[in-house]
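Before any comments, here is the structure.
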Ligand code: ADP
Ligand code: ADP
Ligand code: MG
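So, in structure tokens, the structure goes:
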């Protein structure tokens, strides 16, 4: 087993990885930018190394600084977390060339799965259903127009290297396409350093259903069930749950088998996620594969009892999976609410700042993953995620009620968050019935923000 792991990330995920390491009696090296000098992970790690100024390009994306820190502190492995360098094939290769284990798949697997265009083409060949769309990247707006004509409008333009909902544009008719192509491609270049685009049919009112995969170096691949991540804003997840209420046992088995085939098609190793869209007629389509630990991995941990970060580390150390598919049992129901420093009434504008006072909920079946504490500052340079609140209960309704009371206990003073909006969603009849599609939040936003105004003005209660 590894002796010392460098955690190439920040915020709640750095802390999450650190916790797994400590339980495995592995030493940790935290890296931080000057904006994160007071981070909890920096205080708790065995060693901490400053890798540069606040700007991510100068610190958390600075491969040379991170590798130097790992070698200088005697690490034998690097955990990339999510975002930043986690899906960077060159970084995975560079770690291994430097004699460090990269806790994730090989650079070649990341290259195969990381580009949406390449991955979709591979999946078609492996017999995994995909959304009708371009076979590989789309060179320019004219080519896109031709493909859109074939698949039929509305279509979606997507950054091939994309993530976090960025570089995505819906196009309803040909006249909109050239401008949307330019915008999406420019956004992709700015966010991911890669303007390559991919085009697919826009599925109306789908659910986002994803499967957690674990695969070891000995040819074993299994899935740990599914998550429904349909409650989204700007194509980014806000509330997730596991298991997905909409799946029948038969559909779960069919999609789970497709997810395993998808992972095998890219020779997957370590923890990963296969994302699907499920349409109104119960047809499912491969959307993308995330070759890293996912933000919402905790809800899968709650229903399976498996520590996914621990499994990631064991797999990277060459150990075989300790379970077979038939050993995986999904118990009860788990929900996660992402609490972001943002203002839902102002188009979810990020509004990080100093948290003058923080109080987290607790009690039976409640888990909080966050790097926040009273008096700390959430820097403006990175993601606006402030905390993840998770609840587990034997049934979905109990998990919902538990989440409502957990959010009522949550106090963050100093900046606004979306916690109140999420609390209202948990009372919405569509959510309670389990009927939300990816269109839910945007369709009901006015209504929900209206409720929130009434509640804060004391006019009525929900
Ligand atoms: P998840 O599916 O794990 O919830 P998200 O799409 O919310 O993933 O992304 C998690 C984090 O990783 C966010 O901070 C997001 O901005 C970042 N991220 C995801 N994909 C990429 C990428 N290809 N390049 C850069 N950052 C990314
Ligand atoms: P990212 O890498 O940013 O996570 P995804 O391909 O996973 O990009 O898409 C993000 C979200 O955008 C999905 O969860 C879904 O809500 C929406 N989306 C993506 N593709 C489609 C599609 N073809 N039709 C309708 N919605 C889509
Ligand atoms: Mg995605």
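Residue numbers (the numbering used here): 2 to 463.
Glycine is no exception: its CB is placed at the ideal position from the N, C-alpha and C atoms.
query: Which term fits residue 334, buried or exposed, when burial requires 16 or more other beta carbons within 10 angstroms of its beta carbon?; result: buried
query: With 16 other CB atoms within 10 Å as the buried threshold, where does residue 310 fall?; result: buried
query: Using alpha carbons as the reference points, say which of 132, 265, 357, 393 lies closest to residue 279.; result: 132
query: Using the Cα positions of residue 347 and residue 325, report the straight-line distance between them to the nearest angstrom.; result: 47 Å
query: Quick one: any contact between the region 401-408 and the region 334-344, if contact means 3 or more CB pairs under 8 Å?; result: yes
query: Just to confirm my understanding: we take residue 175, look at its own chain, exclude 5 residues before and 5 after, and list those with CB closer than 8 Å. What are they?; result: 146, 149, 150, 154
query: Where does the unbroken beta strand (DSSP E) through residue 260 begin, and where does it stop?; result: Looking at the DSSP string, residue 260 is not in any beta strand (DSSP E); the run it does join, the alpha helix (DSSP H), is 250-266.
query: Excluding five sequence neighbours on each side, which residues of the same chain lie with their C-beta closer than 6 Å to the C-beta of residue 161?; result: 116, 117, 118, 138, 197, 199
query: Does at least one heavy atom of ligand 2 sit under 7 Å from the Cβ of residue 435?; result: no
query: If we ignore side chains and look at the alpha-carbon of each, how far apart do residue 135 and residue 159 end up?; result: 11 Å
query: So, using beta-carbon positions, are residue 435 and residue 262 closer together than 8 Å?; result: no
query: Which residues in the same chain as residue 45 place their Cβ atom closer than 7 Å to its Cβ, once the five residues preceding and following it in sequence are excluded?; result: 19
query: Just the C-alpha distance for residue 81 and residue 171, rounded to the nearest angstrom, thanks.; result: 31 Å
query: What is the residue span of the beta strand (DSSP E) that residue 159 lies within?; result: 156-160
query: Quick one: is the Cβ of residue 288 within less than 7 Å of any heavy atom of ligand 2?; result: yes
query: Is the CB-CB distance between residue 224 and residue 214 below 8 Å?; result: yes
query: Spatial neighbours of residue 105 within its chain, please: C-beta separation below 7 Å, excluding the five flanking residues on both sides.; result: 81, 87, 93, 271, 292, 293
query: Which of helix, strand or coil does DSSP assign to residue 284?; result: coil
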